[in-house]
Amino acid sequence: MSWHLSFYVVLLLALVVNRVLAYRSKLAQVQHLPGPRWPFGPVTLISLLLPSSSWNGGAMLAWYNRPTLYTNYGSDTIAIVPWLYGAPMMSTRSVEVSKQVLGFKSDWEKTPELVAALAMFGENLFSCYKDRWSRHRRIVQPGFTNKLYAQVWDESVRVYYDMIRSEGWADKTSFEIPNVPAITSKIALYLIASCGFGLPLTWTDTVGEKVRGLTLAQCFETSAGAVIPQSILPRWMWNFPLSYFRRVKEANLALESIVRRIIEKRRQEGPNPLAEANEKDVFSLLLNANDAEKDTKAALTDQELVANVFLLMLAGHAKAPPETTSRGLGSTLGFLACNPYAQDKAYEEIMSVTGGVRDPTFEDYDSLPYTLGCFLEGTRLIPSVPSIPRQAAIDTSLKIPEKDGRTTTLPIRTGTVMVADFMNISFNPEYYPSPEVYDPARWLDPNMEPGINFSYGPRVCVGKKFALTESLATLSMLLKDYKMEPILDAGETLADWRRRSLEENIEVSVGFGPGKFPVRLVKRI
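Those letters in the sequence shown? Residues -22 to -1, 1 to 503, per mature numbering (1 follows the signal peptide of the UniProt record, and there is no 0), in order.
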């Protein structure tokens, strides 16, 4: 054997030994929990670029593996350990474990990747933690009040009628909507423009002035659509002379410029430009709350205001990566289209509340639990945010409930990542019997696990009631006037349509949900 060949053999053996030792170390880090043993870590770039399969997690890890990801290993808390490349990761479909990880006073913090994904414009409510989070929450929270939610409902009704009239649907007994997510996304955008920023629009308006040739909506769609690439790729790579990189950089600059102009304009109008009765939009209240703290350490910088505005837009609209409201509402309309019984039950509830002689109002919110359940069930079956990772800030432990009723203590090392798997919590039969069934009535049970799709405890999503109010108002108006029908292919059943149009039509970006699909609306007589 030549010395060249001997060298390469020794090098290969050294690499194998290195990988074996590294793999054993990874197993020890996660206490040898059962779970998939794939070549690549699920959040590595190579795994995200490859399709999800039996040997790769990929971007669709939780979705495509939801029937077996936990049941194959007999545990609601597992560990995904890559043997070739990437860090190990724990994952849980246990609400009890997730609450320990997501709790405000827990020993867990946001992962650097998650912070980077939503801090492209600076620190904001989502990207910071603990004391810094409290500072941001103190400024942002006052904008979310019952006065705002009443306005959200009224604006939802106004946008609904404007949409029906502008699209030419008012005089039609039936018509097709070719792209449901596009419609729900536009509804969400116009509501965040009006209730979030005091910019009421008609259905045919564009959103705001142009900067660098882009409107606010265009800037946001481009920037939000690039959240994940901007969090993964190194900053120097964005200087490459590629059209995509240039377009994203232009959109970021234009978006920041537009928001700064709005801030400056509001400040020029005075510290309290709107009368108390009219101070309803979130942005005005955010600026007023910040001005009230301007001489304290709690006050946010202009850059932090820009970052929080981006966060509010992302949570409320996000057409490129649709989030809770737009994608959740789109999913719900899809599930209702193939569940006529649920539509009829919601219609009966709406009629019993309104008497069939008026539109539903915000005062009816608590009287429409089944209709609200239609939305909650849609977002359970296709969660807009499928999971949230956390990283152990110190050596700690978790209480793990076992199937036999016992509780075991799992030691956790500093730096270990645990994922609260909302997707598989939503399909856990322990919380949701017959989890594959679309059943809005399950949300009428006061003992039903409410889920944690809007996070949990003090850190519950600040825009939760905004999203629920907008969705309930839109659903109740739509179901009051129309029946929804799926547009079936020849020989296709309702179950086939659901699988093709919703479950096999998932798009992944910052948010998660079905892509383009059509439905038919038939006017109720």
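Just so it is clear, CB atoms sit at the ideal spot from N, CA and C, and this is done for glycine as well.
Can you name the residues that DSSP bridges to residue i?
i, result
"residue 485", "491"
"residue 87", "369"
"residue 462", "499"
"residue 395", "369"
"residue 68", "57, 396"
"residue 523", "Nothing about residue 523 can be read from this structure; the chain reaches only from -22 to 503."
"residue 379", "385"
"residue 51", "Per DSSP, none; premise fails for residue 51."
"residue 390", "374"
"residue 340", "Paired residue(s): none; residue 340 is not in a bridge."
"residue 31", "34"
"residue 63", "18"
Taking the Cβ atom as the reference point for each residue, do residue i and residue j lie within a distance shorter than 9 Å?
i, j, result
"residue 492", "residue 60", "no"
"residue 444", "residue 364", "no"
"residue 80", "residue 398", "yes"
"residue 261", "residue 175", "yes"
"residue 32", "residue 55", "no"
"residue 210", "residue 26", "yes"
"residue 216", "residue 208", "yes"
"residue 168", "residue 137", "yes"
"residue 499", "residue 460", "yes"
"residue 404", "residue 411", "no"
"residue 446", "residue 360", "no"
"residue 197", "residue 166", "no"
"residue 34", "residue 45", "no"
Only counting the same chain, and skipping five residues up and downstream in sequence, which positions put a Cβ closer than 6 Å to that of residue i?
i, result
"residue 420", "426"
"residue 494", "157"
"residue 298", "With a pLDDT of only 36 at residue 298, under 50, the local geometry of the prediction cannot be trusted, and the value read off the model is given with reservation. Counting only Cβ-Cβ distances below 6 Å, and skipping sequence neighbours, we find 199, 202, 203."
"residue 368", "79, 86, 396"
"residue 162", "304, 307, 308"
"residue 345", "331"
"residue 255", "Residue confidence is low: residue 255 scores 43 on pLDDT, short of 50, so the model does not pin down where it sits. No coordinate-derived value is stated."
"residue 366", "398"
Which same chain residues, not among the five before or five after residue i, have their C-beta less than 7 Å away from its C-beta?
i, result
"residue 372", "85, 392"
"residue 472", "316, 464"
"residue 106", "114"
"residue 9", "388, 389"
"residue 296", "Confidence in residue 296 is poor, its pLDDT being 40 and thus under 50, which makes the residue's placement unreliable; the coordinate value appears in the next sentence. Excluding sequence neighbours, residue 296 sits near 202, 304, 488, 489."
"residue 250", "Its pLDDT being 48, under 50, residue 250 is placed unreliably in this model, and the coordinates cannot settle the point."
"residue 140", "180, 181"
"residue 327", "346, 348, 349"
"residue 486", "37, 38"
"residue 475", "316, 464, 466"
"residue 91", "21, 209"
"residue 152", "498, 499, 500, 501"
"residue 252", "Unreliable placement is indicated for residue 252, whose pLDDT of 42 sits below 50; the coordinate value is still reported in the next sentence. Excluding residues within five positions, the ones whose Cβ falls inside 7 Å are 262."
Where does residue i land, buried or exposed, given buried means 16+ other C-beta within 10 angstroms?
i, result
"residue 455", "buried"
"residue 401", "buried"
"residue 52", "exposed"
"residue 304", "buried"
"residue -10", "exposed"
"residue 229", "buried"
"residue 259", "buried"
"residue 321", "buried"
"residue 356", "buried"
"residue 164", "buried"
"residue 353", "buried"
"residue 11", "buried"
"residue -17", "exposed"
"residue 246", "exposed"
"residue 503", "exposed"
"residue 457", "buried"
"residue 221", "exposed"
"residue 313", "buried"
"residue 417", "buried"
"residue -5", "exposed"
"residue 362", "buried"
"residue -20", "exposed"
"residue 40", "buried"
"residue -8", "exposed"
"residue 300", "Low per-residue confidence applies at residue 300: pLDDT is 37, beneath 50, and the placement is therefore not dependable, though the value from the model is reported in the following sentence. Answer is buried; the Cβ neighbour count reaches 16."
Using C-beta distances below 8 Å, list every residue in its chain close to residue i, excluding the 5 sequence neighbours before and after it, in chain order.
i, result
"residue 241", "265, 280, 283, 284"
Considering only heavy atoms of the ligand COA, does any lie closer than 8 Å to the CB of residue i?
i, result
"residue 207", "As far as ligands go, the structure on display features none, and thus does not contain the ligand COA."
Do the segment 121 to 139 and the segment 338 to 349 meet, that is, are 3 or more Cβ pairs less than 8 Å apart?
yes
Pairs of beta-carbons, one from the segment 344 to 353 and one from the segment 375 to 388, closer than 8 Å: are there three or more?
no
Cβ contact (3+ pairs, closer than 8 Å) linking the segment 60 to 75 and the segment 10 to 28
Judged by pairs of C-beta atoms under 8 Å, the segment 60 to 75 touches the segment 10 to 28, as three or more such pairs exist.
Counting Cβ pairs closer than 8 Å, one from the segment 495 to 502 and one from the segment 144 to 158, do we hit at least three?
yes
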